[in-house]
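> Let me give you the structure first, and then I'll get to my questions.
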């Protein structure tokens with residue numbers, strides 16, 4: 789569903805969300821999904837700019853309902869902030885994080901996608917993409933980590949490699965924080981790294997990777 793970022797568009801998109809989810813039999817998710825869509829679209833109005841072209845994508849399958857909001861700005865990345873009690877803004881993504889089962893941001897060469905997912909009532913399947921379990925867990929961890937702090941690099945229009953660079957920086961940040969955690973708890977970080985490397989090599993050997 790295409791839209792132009794204006795406050796007036798939020799009400800229309802909320803109606804579209806209700807229509808689609810009701811047709812799909814997900815009435816229990818209507819209010820929550822509407823609220824998240826309101827926050828995500830309002831973020832574009834506030835932080836990218838009024839009049840920005842965007843699109844809303846709803847999809848469902850198996851265990852989850854996925855909501856995506858696309859916009860062309862690859863620099864203004866939504867992040868969780870610790871908003872003061874009397875602050876006028878800053879709570880939008882915290883609200884999305886509280887309501888959704890998980891959320892994240894995917895950056896491409898010419899646009900970004902801010903998404904959130906909700907468990908579908910009555911489904912016992914876990915919310916996880918198809919693929920190798922270890923990689924899935926790492927992807928999920930990086931998605932969460934990306935919401936805690938902004939990436940330490942900017943979009944390079946010449947190479948168009950922003951996504952890979954953001955991911956690499958996030959991996960470095962995650963490893964650094966875990967190393968500090970190990971040392972803070974009196975663990976031998978070098979030994980843990982050696983064990984992790986050995987386990988990774990053994991897993992790759994078994995899988996033929």
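Numbering (our numbering), first residue to last: 789 to 997.
Built from N, CA and C at the ideal position, the CB exists for glycine as well.
Does the region 801 to 817 touch the region 859 to 868, meaning 3 or more C-beta pairs lie closer than 8 Å?
no
> So, with DSSP's three-state summary, where would you put residue 908?
As a working note, residue 908 is residue 120 in the chain shown. If DSSP states are grouped into helix, strand and coil, residue 908 belongs with coil.
> Would residue 960 be called buried (16 or more neighbouring beta carbons within 10 Å of its own) or exposed?
On the chain shown, position 172 is the one that residue 960 refers to. Looking at its Cβ environment, which holds fewer than 16 other Cβ atoms inside 10 Å, residue 960 is exposed.
> Please classify residue 903: does DSSP put it in a helix, a strand, or coil?
If you number the chain shown from 1, residue 903 lands on position 115. Strand, per DSSP.
> Below 8 Å between beta carbons: does that hold for residue 907 and residue 851?
Here residue 907 corresponds to residue number 119 of the chain shown, with the count starting at 1. Here residue 851 corresponds to residue number 63 of the chain shown, with the count starting at 1. Taking 8 Å as the Cβ cut-off, residue 907 and residue 851 qualify as a contacting pair.
> Specify the secondary structure class of residue 969 as computed by DSSP and reduced to three states.
Walking along the chain shown from the start, residue 969 turns up at place 181. In the three-state scheme derived from DSSP, where H, G and I count as helix and E and B as strand, residue 969 is classed as helix.
> Among 967, 849, 848, 992, which one has its Cα closest to the Cα of residue 980?
The residue labelled residue 980 in the question sits at position 192 within the chain shown. Among 967, 849, 848, 992, the Cα nearest to that of residue 980 is on 967.
> Express the C-alpha separation of residue 793 and residue 830 in angstroms, rounding to a whole number.
If you number the chain shown from 1, residue 830 lands on position 42. If you number the chain shown from 1, residue 793 lands on position 5. When rounded, the distance between both Cα atoms is 8 Å.
> Let me make sure I understand the geometry here. Which of 799, 828, 958 has the alpha-carbon closest to that of residue 885?
The residue you call residue 885 lines up with position 97 of the chain shown. Here the closest residue by C-alpha is 828.
> Is residue 1007 helix, strand or coil when you go by DSSP?
The chain is shown from 789 up to 997; residue 1007 falls before or after that span and cannot be answered.
> Which residues bound the alpha helix (DSSP H) around residue 795?
The residue labelled residue 795 in the question sits at position 7 within the chain shown. 795 to 811 is the extent of the alpha helix (DSSP H) around residue 795.
> Ignore the nearest five residues each way along the sequence and tell me which others in residue 832's own chain have a CB closer than 6 Å to its CB.
As a working mapping, residue 832 is identified with position 44 in the chain shown. Excluding residues within five positions, the ones whose Cβ falls inside 6 Å are 793, 840, 842, 859.
> Considering only C-alpha positions, which residue in the set 991, 989, 990, 964 is nearest to residue 978?
Translated into the one-based positions of the chain shown, residue 978 becomes position 190. Comparing Cα positions, the closest option is 964.
> Consult DSSP for residue 858 and reduce its assignment to one of helix, strand or coil.
Here residue 858 refers to the residue found at position 70 of the chain shown. Correct three-state label for residue 858: strand.
> With DSSP collapsed to three states, give me the class of residue 890.
Taking the first residue of the chain shown as position 1, residue 890 is located at position 102. Looking at residue 890 - three-state DSSP - the assignment turns out to be strand.
> Per DSSP, which one or two residues make a beta bridge with residue 841?
Counting from 1 along the chain shown, the entry for residue 841 is found at position 53. Answer by DSSP bridge pairing, in chain order: 792.
> What is the rounded straight-line gap between the Cα of residue 895 and the Cα of residue 862?
Counting from one through the chain shown, the residue named residue 895 turns up at place 107. Counting from one through the chain shown, the residue named residue 862 turns up at place 74. Residue 895 and residue 862: Cα-Cα distance of roughly 6 Å.
> For residue 905, which residues in the same chain have their Cβ closer than 8 Å to its Cβ, ignoring the five residues on either side in sequence?
Locating residue 905 in the chain shown gives position 117, where the first residue counts as 1. So the list reads 852, 853, 854, 855, 888, 889, 890, 891, 915, once near-sequence residues are dropped.
> Using a 10 Å radius around the Cβ and a threshold of 16 neighbouring Cβ atoms, would you call residue 993 buried or exposed?
Here residue 993 refers to the residue found at position 205 of the chain shown. The residue in question, residue 993, is exposed, as its Cβ has fewer than 16 Cβ neighbours within 10 Å.
> How many Å lie between residue 771 and residue 823 at the Cα?
No statement about residue 771 is possible, as the shown extent of the chain runs from 789 to 997 and does not include it.
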